[in-house]
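To start, the structure under review is shown below, and the notes come after it.
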Amino acid sequence: MALSIYNSLIREKQLFVPLHPGRVHMYVCGPTVYNDAHLGHGKTYVNFDVMVRYLRYLGYRVLYVQNITDVGHILDSGEDRILQGAQREQMQPMQLAEYYTRRYYRDMDRLNVLRPDITPRATGHVHEMIEWIEKLVESGHAYVADGSVYFDVSRFADYGKLSGRRLEEAQSGTRVQVADEKQSPEDFALWKKADPEHIMRWNSPWGEGFPGWHIECTVMSTKYLGHPFDIHGGGVENKFPHHECEIAQAEALDGTPFARNWVHNGMLMIRGEEMHKSLGNYITLEGAYERWDPMVIRFFILQSHYRGPLDMTEEAVDAAARGLDRLVGTVRALRKQAASAQEGEVSSDTSALLEGAREAFEAAMDDDFGTPGAIAALFDLSRAVNVRLSEVGALKQGDLDAIGSLFQSLAGDVLGVLPNEIATSQTAALSDRLIELLIETRRELRQAKAYELADRVRDRLSELGVQLQDGPQGTSWIVS
RNA sequence: GGCGACGUAGCCAAGUGGUUAAGGCAGGGGUCUGCAAAACCCCCACCGUCGGUUCGAGUCCGACCGUCGCCUCCA
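So for the first sequence, my numbering puts the first residue at 6; every next one is plus one.
This is the structure we're talking about:
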């Protein structure tokens with residue numbers, strides 16, 4: 006088996022072959038940092054994070070670039086996002102961008118999203134954008150109009166190849182009035198002249214202004230990843246116009262292909278509706294973390310395929326939480342038993358079990374990053390391991406280590422859904438011994454049939470988050 | 001209006017032509033237990049509707065119904 010990826014450009018799954026053997030260059034459209042990240046960002050960046058992790062698991066050296074959009078751009082209302090946010094928060098534009106950039110990474114860190122290798126800021130690449138735009142003007146693919154520069158879509162025959170749109174069709178039904186200086190309604194801005202009150206502005210051959218939205222991704226992706234590069238990702242909602250325009254700008258000059266694989270992930274919905282502030286269902290990650298463990302949200306996201314839409318309901322996330330508990334429970338039990346297991350090598354039974362689990366996991370992931378199937382493989386493994394864990398002496402030290410490291414590799418390193426190792430500080434070691442002491446006391450109470458008192462010990466421990474579990478081999482405990 | 005996606009059990013969600021339609025949650029029945037929890041075992045779907053292609057379709061084609069996204073700057 007080998008990895009296949011659905012390529013939006015050709016609309017089918019394709020055996021993945023990187024441009025340079027053993028290396029993958031990947032770009033994903035990052036956030037505009039004018040507000041807190043929401044659950045939709047969570048889905049998108051978890052989806053792409055797992056792709057990066059799996060590619061690395063397969064042995065590729067991945068160079069992962071994700072931009073930070075800190076240039077404002079224009080809203081329908083004619084306002085600039087960053088400017089609007091700066092006014093709202095009483096901050097300077099760059100201060101605002103810095104503030105939300107930090108919060109973005111804080112929120113992503115908690116979701117266990119690995120940071121990209123390079124996180125270029127748009128404001129730091131205005132020079133390169135200007136150079137690129139100049140070349141487009143020189144080659145006749147763009148024109149200057151009243152201090153702004155527009156890409157002439159009619160000069161790029163492939164325009165629409167990603168989104169399946171034709172120019173003739175784009176004419177009707179457009180709901181936004183066309184800027185006067187555009188030659189054609191579908192032409193898009195490469196450079197916008199800055200109004201006097203516009204704070205973020207740069208000098209350019211066309212006067213003071215600021216870059217259009219699409220150009221930053223074209224410039225920054227190719228700067229760090231080459232031209233062409235392997236994978237370009239982003240949300241489906243950006244397929245048109247954003248990604249279509251990126252392609253036009255990148256390929257118009259000399260026909261060099263831009264991204265070889267386009268990967269789009271589906272939208273996150275809240276109870277059947279797209280998330281919108283106006284609908285009152287806008288949920289920031291920070292807000293969601295008050296209700297659920299970030300790891301639960303991550304697990305919930307990965308239980309559906311990245312390309313599909315994901316409808317978020319409380320019921321569904323709660324169900325995912327219980328499912329994740331089950332998986333983590335096995336890992337915890339594994340570690341617990343490892344502390345007292347007999348010495349011994351890995352048995353052939355364990356080896357076969359693990360090999361089968363790994364194969365099932367990889368088969369699912371190889372098929373366009375099928376995380377739901379991969380998770381199913383882990384649940385199957387979990388059940389098989391639980392059976393063995395409950396048989397006294399069935400698993401030797403070697404077995405437990407081997408199983409533990411497979412879980413760590415697949416659930417921990419690739420899917421990123423295992424909580425970090427609990428640090429064994431001195432006080433933690435002490436509390437462990439204190440819990441054992443209480444369990445010992447309770448055992449004696451039970452032997453004396455003092456059940457009321459024994460249950461009280463259990464209940465009080467439960468209140469403290471320590472769950473006792475009586476089994477044939479005595480009582481074990483977990484921290485919930 | 002144009003482009004596109006999707007409709008699988010109470011809920012979530014895989015499956016892309018072929019023996020018994022993954023997995024999780026919930027539910028039911030058991031094992032274990034002083035009780036409980038956990039764990040384990042068993043049970044729980046004819047795949048939106050109607051046609052068509054095929055020896056054979058959830059899986060391909062068409063129509064219809066329904067939901068959703070995009071159509072100038074939202075991940």
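Built from N, CA and C at the ideal position, the CB exists for glycine as well.
Environment of residue i [buried if 16+ CB atoms lie within 10 Å]
i, result
"V397", "exposed"
"V539", "Here the chain comprises residues numbered 6 to 485, so residue 539 is not present and cannot be evaluated."
"L386", "buried"
"Q478", "exposed"
"V22", "exposed"
"N243", "buried"
"I73", "buried"
"E1", "What is shown of the chain runs 6 to 485, which leaves residue 1 out entirely."
"V67", "buried"
"T318", "exposed"
"L20", "exposed"
"P262", "exposed"
"K18", "exposed"
Opposing strand residues paired with residue i [DSSP bridges]
i, result
"T227", "Paired residues: none, contrary to the question."
"E367", "Partner(s): none; E367 has no beta bridge."
"L332", "Answer by DSSP bridge pairing: none, since L332 is not bridged."
"N425", "DSSP lists no partner for N425."
"A255", "DSSP output for A255 lists no bridge partner at all."
"W297", "None, per the DSSP bridge assignment."
"Q71", "V33"
"R66", "R28"
"G214", "K198 and W207"
"F567", "Since the displayed the chain opens at 6 and closes at 485, residue 567 lies outside it and no answer follows."
DSSP-derived helix/strand/coil call for residue i
i, result
"M31", "strand"
"R451", "helix"
"Q92", "helix"
"Y104", "helix"
"D151", "coil"
"W267", "strand"
"S9", "strand"
"E221", "helix"
"Q472", "strand"
"V397", "coil"
"E202", "coil"
"K244", "helix"
"I123", "strand"
"Q182", "With a pLDDT of 43 at Q182, under the threshold of 50, the modelled position of that residue is not reliable, and the figure given next carries that caveat. The answer is coil: DSSP assigns Q182 none of H, G, I, E or B."
"T289", "strand"
"F161", "coil"
"E348", "coil"
Extent of the continuous alpha helix (DSSP H) run through residue i
i, result
"R388", "T376 to L394"
"E457", "Y456 to E468"
"W137", "V131 to E143"
"F21", "Neither: F21 is in no alpha helix (DSSP H) and is coded neither H nor E."
"D54", "L44 to Y62"
"L411", "Q402 to F412"
Straight-line gap, residue i to residue j (C-alpha atoms, nearest Å)
i, j, result
"R276", "D372", "28 Å"
"W211", "V154", "8 Å"
"L383", "L273", "25 Å"
"A416", "R206", "46 Å"
"E202", "G27", "50 Å"
"Q176", "D192", "For Q176, the predicted model reports a pLDDT of 45, less than 50, meaning its position is unreliable and no value from the coordinates is stated."
"P377", "E186", "49 Å"
"L466", "T446", "13 Å"
"E320", "R303", "16 Å"
"T480", "E278", "47 Å"
"G64", "G239", "23 Å"
"I306", "Y59", "16 Å"
"I252", "L14", "11 Å"
"K198", "C250", "19 Å"
"E139", "V131", "12 Å"
"G152", "H310", "45 Å"
"R340", "R115", "24 Å"
"D404", "S356", "8 Å"
"A147", "F156", "4 Å"
"R265", "D235", "5 Å"
"R448", "A459", "8 Å"
The ligand ATP heavy atom lying under 6 Å from the CB of residue i
i, result
"A147", "No copy of the ligand ATP appears in this structure; indeed no ligand is present at all."
For residue i, the first and last residue of its enclosing beta strand (DSSP E)
i, result
"F234", "F234 to G240"
"S481", "G479 to V484"
"M274", "L273 to I275"
"M317", "L315 to M317"
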